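Undergrad: Have a look at the structure that comes next, please.
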Amino acid sequence: MLEVPPILTIQRNFDRPDPDKVAKLKGALTGNIADCLGGRAALDPIIKPLAGCPDSMKSVVGPAITCQCAPSDHLGAMGALVEAKPGDVIVAATEGYTGTAVMGDLMLGMARNRGLAGLVTDGPVRDLGGVFAVGLPVFCAGINPDSPAALGPGSVGLPVTIGGATVHPGDIVVADMDGVVIVPQGKLDMIIDKLAEVRAAEAEMEAKVEAGLEVPDSWRELFASDKVRYLD
528 MLEVPPILTI QRNFDRPDPD KVAKLKGALT GNIADCLGGR AALDPIIKPL AGCPDSMKSV
588 VGPAITCQCA PSDHLGAMGA LVEAKPGDVI VAATEGYTGT AVMGDLMLGM ARNRGLAGLV
648 TDGPVRDLGG VFAVGLPVFC AGINPDSPAA LGPGSVGLPV TIGGATVHPG DIVVADMDGV
708 VIVPQGKLDM IIDKLAEVRA AEAEMEAKVE AGLEVPDSWR ELFASDKVRY LD
């Protein structure tokens, strides 16, 4: 007799990052984090803050609780909401499906009430006015008033692919006006150590630009070298 597959698969226990270490990333620019990771850490830029949202909804930092939602379904997101811990960011992968919303203001209100930090999804949300009233940071692929089903299949707490990247539960989400970057949990210590160096270099260059810098000497040296061929 064939076994009926479950409609939802949940991994409840997974390694979580040290909250004190995660807190050290708060206030860090996504660009700085991406630089620490070799310039390759951002999700697809279609995943961004909601247009017109208040500044308080334009940044979030927290460990990912991952979920997979089938196209036009949000059972996985429901499971993530149930299993999440305060401070978590729900990362809801939909295979890029935008035909229905993943969440609306009611689920986001529940997430806020549970102490969650935010939502990242490659699908849309709905109930924009209510979402703004809830105030939870949301990074998504847009708005769609159509509603999803809750039939599955879905998963919670397993690796997902979203925005061109694989996100594992417990990885750290850092998001701001520029977009969303993912810090693999195993690289958190390295990022913390390197972040001060990246910030200092950025501040130094900003000061030079403010003082009138037009072209850095290193650029001039490169374009004057035999690494560049001029055709005229």
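Numbers given in the numbering used here equal positions in the sequence shown, counted from 1, plus 527. Ideal placement from N, C-alpha and C gives every residue a C-beta, glycine not left out. Here the structure is a predicted model, which means the values were calculated and not measured.
By DSSP's criteria, Phe541 is part of a beta bridge. Which residues make up the other side?
TA: Position 14 of the sequence shown holds residue 541. DSSP output for Phe541 lists no bridge partner at all.
Undergrad: Measure the Cβ-Cβ separation of Gly691 and Val665 and say whether it is below 8 Å.
TA: As a first step, residue 691 is located in the sequence shown; it is residue number 164 there, counting from the start. As a first step, residue 665 is located in the sequence shown; it is residue number 138 there, counting from the start. No, they are not a contact pair.
Undergrad: According to DSSP, simplified to helix, strand and coil, what is Asp654?
TA: By 1-based counting over the sequence shown, the position of residue 654 is 127. In this structure, Asp654 counts as coil in the three-state DSSP scheme.
Undergrad: Would a C-beta distance cut-off of 8 Å place Ile689 and Leu602 closer than the cut-off?
TA: Locating residue 689 in the sequence shown gives position 162, counting from the first residue. Locating residue 602 in the sequence shown gives position 75, counting from the first residue. Not closer than 8 Å, so no.
Undergrad: I need the boundaries of the alpha helix (DSSP H) containing Asp468, first residue and last residue.
TA: For residue 468 there is no data in the structure shown, the boundaries of the chain being 528 and 759.
Undergrad: Would you list the residues sitting across from Phe666 in a DSSP beta bridge?
TA: Counting from 1 along the sequence shown, the entry for residue 666 is found at position 139. Per DSSP, Pro576, Val647.
Undergrad: Determine whether the Cβ of Val683 lies closer than 8 Å to any Cβ atom of chain B.
TA: Here chain B cannot be found, since the structure has a single protein chain.
Undergrad: Going by other Cβ atoms of all chains shown within 10 Å of its Cβ, with 16 needed for buried, is Ala702 buried or exposed?
TA: Residue numbering aside, residue 702 sits at position 175 when the sequence shown is read from its first letter. With 16 or more Cβ atoms within 10 Å of its Cβ, Ala702 is classed as buried.
Undergrad: Going by C-alpha to C-alpha distance, which of Gly554, Leu749, Asp716, Val618 sits closest to Thr593?
TA: Here residue 593 refers to the residue found at position 66 of the sequence shown. That would be Val618, whose Cα lies nearest to the Cα of Thr593.
Undergrad: For Val700 versus Val647, is the C-beta distance shorter than 8 Å?
TA: In the sequence shown, the residue the question calls residue 700 occupies position 173. In the sequence shown, the residue the question calls residue 647 occupies position 120. The answer is yes: Cβ separation under 8 Å.
Undergrad: According to DSSP, is Met717 part of a helix, a strand, or is it coil?
TA: Here residue 717 corresponds to residue number 190 of the sequence shown, with the count starting at 1. Reduced to three states, the DSSP call for Met717 is helix.
Undergrad: Taking the C-alpha atoms as reference points, what is the distance between Asp720 and Val587?
TA: Residue mapping note: residue 720 aligns to position 193 of the sequence shown, counting from 1. Residue mapping note: residue 587 aligns to position 60 of the sequence shown, counting from 1. When rounded, the distance between both Cα atoms is 20 Å.
Undergrad: Under a three-way DSSP split, which group does Gly697 fall into?
TA: If you number the sequence shown from 1, residue 697 lands on position 170. Three-state DSSP puts Gly697 in coil, outside helix and strand.
Undergrad: Could you tell me if Gly684 is buried or exposed, where buried requires 16 or more neighbouring beta carbons within 10 angstroms of its beta carbon?
TA: Residue numbering aside, residue 684 sits at position 157 when the sequence shown is read from its first letter. Gly684 should be labelled buried.
Undergrad: Suppose the cutoff is 8 Å on Cβ atoms and the five residues either side in sequence are ignored; what does the same chain contact list for Gly626 look like?
TA: Taking the sequence shown and counting its residues from 1, the one referred to as residue 626 is at position 99. Excluding residues within five positions, the ones whose Cβ falls inside 8 Å are Pro598, Ser599, Asn671, Asp673.
Undergrad: Compare the beta carbon distance of Glu610 and Ile560 with 8 Å and say whether it is the shorter of the two.
TA: Locating residue 610 in the sequence shown gives position 83, counting from the first residue. Locating residue 560 in the sequence shown gives position 33, counting from the first residue. Not a contact, by the Cβ cut-off of 8 Å.
Undergrad: Going by beta-carbon coordinates alone, are Gln595 and Val736 separated by less than 8 Å?
TA: As a working mapping, residue 595 is identified with position 68 in the sequence shown. As a working mapping, residue 736 is identified with position 209 in the sequence shown. In this structure, Val736 does not lie closer than 8 Å to Gln595 by Cβ.
Undergrad: Could you check which residue in Met704, Ser682, Ile709, Gly681 has the C-alpha nearest to that of Val694?
TA: Here the question's residue 694 lines up with position 167 in the sequence shown. When only C-alpha atoms are compared, the closest one is Ile709.
Undergrad: Between the beta-carbon of Asp654 and the beta-carbon of Asp632, is there less than 8 Å?
TA: For the purposes of this step, residue 654 is taken as residue 127 along the sequence shown, with counting starting at 1. For the purposes of this step, residue 632 is taken as residue 105 along the sequence shown, with counting starting at 1. Contact flag set, yes.
Undergrad: Here's the rule I'm using: 16 or more other beta-carbon atoms within 10 Å means buried, otherwise exposed. How should Pro805 be labelled?
TA: As displayed, the chain neither begins before 528 nor continues past 759, which places residue 805 out of reach and without an answer.
Undergrad: I'd like the list of long-range same chain contacts for Val755, defined as Cβ closer than 8 Å, with 5 residues on each side in sequence excluded.
TA: Residue 755 sits at position 228 when you count from the first residue of the sequence shown. Excluding positions up to five away in sequence, the list reads Leu749.
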